[in-house]
Amino acid sequence: MSYLCTKYKNMFIQKYTLNEDYFKKIDSRNKAYFLGLMYADGNICEQKNSKKPLIRINLVEGDSKPLEILKEDIEYTGPLNYWVKKPPRQNQKVLCLRSIIIAEDLNKLGCFTRKTNNLSFPNNLPDKYFLDFLRGFFDGDGCIAKVNAKNVAWMIIGLRDLLDIIKNKLEILGFHPYIIEPKEGKYINEDLIFLKITRKKEIFNLMSQWYIDTDLYIDRKYNKWNQFFNIEKLHEYENYWHNGATGKNLFGKYPVVYINDMGEKIIFNSMSHAGDVLGYDKNTIRYYCNK
Numbered sequence: 007m008s009y010l011c012t013k014y015k016n017m018f019i020q021k022y023t024l025n026e027d028y029f030k031k032i033d034s035r036n037k038a039y040f041l042g043l044m045y046a047d048g049n050i051c052e053q054k055n056s057k058k059p060l061i062r063i064n065l066v067e068g069d070s071k072p073l074e075i076l077k078e079d080i081e082y083t084g085p086l087n088y089w090v091k092k093p094p095r096q097n098q099k100v101l102c103l104r105s106i107i108i109a110e111d112l113n114k115l116g117c118f119t120r121k122t123n124n125l126s127f128p129n130n131l132p133d134k135y136f137l138d139f140l141r142g143f144f145d146g147d148g149c150i151a152k153v154n155a156k157n158v159a160w161m162i163i164g165l166r167d168l169l170d171i172i173k174n175k176l177e178i179l180g181f182h183p184y185i186i187e188p189k190e191g192k193y194i195n196e197d198l199i200f201l202k203i204t205r206k207k208e209i210f211n212l213m214s215q216w217y218i219d220t221d222l223y224i225d226r227k228y229n230k231w232n233q234f235f236n237i238e239k240l241h242e243y244e245n246y247w248h249n250g251a252t253g254k255n256l257f258g259k260y261p262v263v264y265i266n267d268m269g270e271k272i273i274f275n276s277m278s279h280a281g282d283v284l285g286y287d288k289n290t291i292r293y294y295c296n297k
């Protein structure tokens with residue numbers, strides 16, 4: 007912790023302005039998202055050489071779009087900083103702010119100065135912004151991955167008290183998350199757990215709601231969701247009259263279905279055809295169709 011704080015001590019020789027009341031009240035989708043991202047990847051650090059705490063969020067360089075949006079949202083006039091990491095770790099973009107007011111407001115919300123083992127669900131977070139908060143937390147400490155040829159898993163990692171409340175709120179919304187206890191590796195900690203959803207339709211419904219009317223998300227995770235759920239093998243095969251092979255069309259090819267942004271199914275007569283139209287190469291289509 008002290009190493010990270012010392013690393014940024016010279017970044018504030020020049021004074022920059024910002025909206026210090028930004029986290030005073032969570033009254034927008036963007037604020038809820040950034041609070042979730044702060045819970046996952048943020049840090050509030052007190053330094054001996056400054057009266058103002060350092061509020062910091064760092065993301066891998068390729069995932070840094072949310073930091074650009076937060077910089078604009080919070081009206082920060084300074085630059086994003088660049089953190090060069092030793093391989094194989096990736097370089098990062100860093101948003102660093104100094105503000106007693108923002109630090110105090112984040113503490114009041116439940117995002118404490120020393121949050122590693124002390125993080126509670128946000129106080130006074132409106133229910134209508136819960137999914138936006140969760141989207142931000144997922145972008146920091148979550149993943150979506152294929153378990154096997156047919157199944158997908160959605161997962162976040164965090165402190166038990168926090169994830170217990172998130173689990174309850176998801177259950178109220180009709181989802182069926184469950185807790186996984188870490189058994190080995192760096193995540194072994196009596197207070198650290200995984201929260202997982204494996205029902206494919208529920209993952210699709212949850213993340214579909216996240217991405218309505220917003221461009222505030224990490225593109226890499228959005229793209230993975232989009233590829234897993236919007237490009238898939240056509241399982242309900244139609245009866246093609248010229249070929250006896252089940253599931254193949256009259257060209258002897260496996261058809262591919264694509265669900266566009268309007269929820270409409272578009273059927274292509276082959277993976278190559280789908281790749282040409284959608285802008286993916288054939289190998290990518292084959293991978294996501296699990297052929």
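For any residue, its number in the numbering used here is found by taking its place in the sequence shown, counting from 1, and adding 6.
Every residue, glycine too, gets a C-beta built ideally from N, C-alpha and C.
Note that this is a predicted model, so its numbers are computed, not measured.
What residues are listed by DSSP as bridge partners for residue i?
i      : result
ARG104 : LEU60
ILE151 : In the sequence under discussion, the amino acid at residue 151 is Ala, which differs from the Ile named in the question. Paired residue(s): ALA159.
GLY164 : ILE199
LEU125 : CYS117
PHE210 : Its beta-bridge partners do not exist; DSSP assigns none.
ASN87  : VAL100
VAL66  : GLN98
Leaving out the 5 sequence neighbours to the left and right, which residues in its chain are closer than 7 Å to residue i when beta-carbon positions are compared?
i      : result
SER230 : It should be pointed out that residue 230 corresponds to Lys in this sequence rather than to Ser. For LYS230, where only same-chain residues beyond five positions count, the Cβ hits under 7 Å are ILE150.
MET213 : TRP231
PHE210 : PHE235
LEU103 : LEU24, ILE61, TYR82
TYR217 : TYR223, TYR228
PHE181 : ILE203, GLU208, LEU212
THR220 : ARG35
ASP170 : none
For residue i and residue j, what's the separation of their Cα atoms in angstroms?
i      : j      : result
ILE185 : TYR22  : 43 Å
GLY148 : ILE199 : 12 Å
GLU110 : ILE50  : 10 Å
LYS31  : ASN113 : 12 Å
LYS58  : HIS279 : 58 Å
TYR223 : ARG141 : 8 Å
LEU201 : GLU208 : 14 Å
MET161 : VAL283 : 32 Å
ILE203 : VAL66  : 25 Å
LYS92  : GLY146 : 21 Å
LYS37  : PRO188 : 31 Å
PHE139 : ARG35  : 8 Å
SER105 : ASN55  : 14 Å
PHE136 : VAL153 : 27 Å
ARG205 : LEU168 : 22 Å
VAL90  : SER276 : 44 Å
ARG120 : ILE163 : 18 Å
GLN215 : GLY281 : 27 Å
GLN233 : ALA159 : 14 Å
PRO183 : GLU26  : 36 Å
ASP133 : ARG95  : 37 Å
LYS175 : ASN97  : 35 Å
LEU131 : GLY84  : 29 Å
ILE178 : ASP33  : 22 Å
ILE172 : LYS156 : 27 Å
By Cβ distance, which residues of its chain are closer than 6 Å to residue i, with the 5 residues on each side in sequence left out?
i      : result
TYR28  : ILE80
SER70  : LYS99
TYR39  : ASP138, ARG141, GLY142, LEU222
ILE107 : GLU26
PHE144 : ILE162
Classify residue i as helix, strand or coil using the three-state DSSP reduction.
i      : result
ASP133 : helix
GLY48  : strand
ASN25  : coil
LYS30  : coil
TYR184 : strand
ASN55  : coil
LEU76  : helix
ILE178 : helix
TRP247 : Confidence at TRP247 is low in this model, with a pLDDT of 30, below 50, so its placement is unreliable and the value that follows should be read with caution. In this structure, TRP247 counts as coil in the three-state DSSP scheme.
LEU43  : helix
ILE19  : Confidence at ILE19 is low in this model, with a pLDDT of 41, below 50, so its placement is unreliable and the value that follows should be read with caution. The answer is coil: DSSP assigns ILE19 none of H, G, I, E or B.
ILE273 : strand
LEU112 : helix
LYS189 : coil
LEU222 : coil
ARG205 : coil
TYR228 : helix
ASN255 : Unreliable placement is indicated for ASN255, whose pLDDT of 46 sits below 50; the coordinate value is still reported in the next sentence. Three-state DSSP puts ASN255 in coil, outside helix and strand.
LYS92  : coil
Under 8 Å Cβ to Cβ from residue i, same chain only, skipping five residues before and after it: list those, please.
i      : result
LEU101 : ARG62, ILE63, ASN64, LEU73, LEU76, LYS77, TYR82, LEU86, ASN87
CYS117 : LEU41, MET44, TYR45, GLY48, ILE50, LEU125, PRO128
ASN123 : LEU165, ASP197
ARG226 : GLY68, ASP69
LEU115 : PHE29, ILE32, LEU41, PRO128, ASN129, ASN130, LEU131
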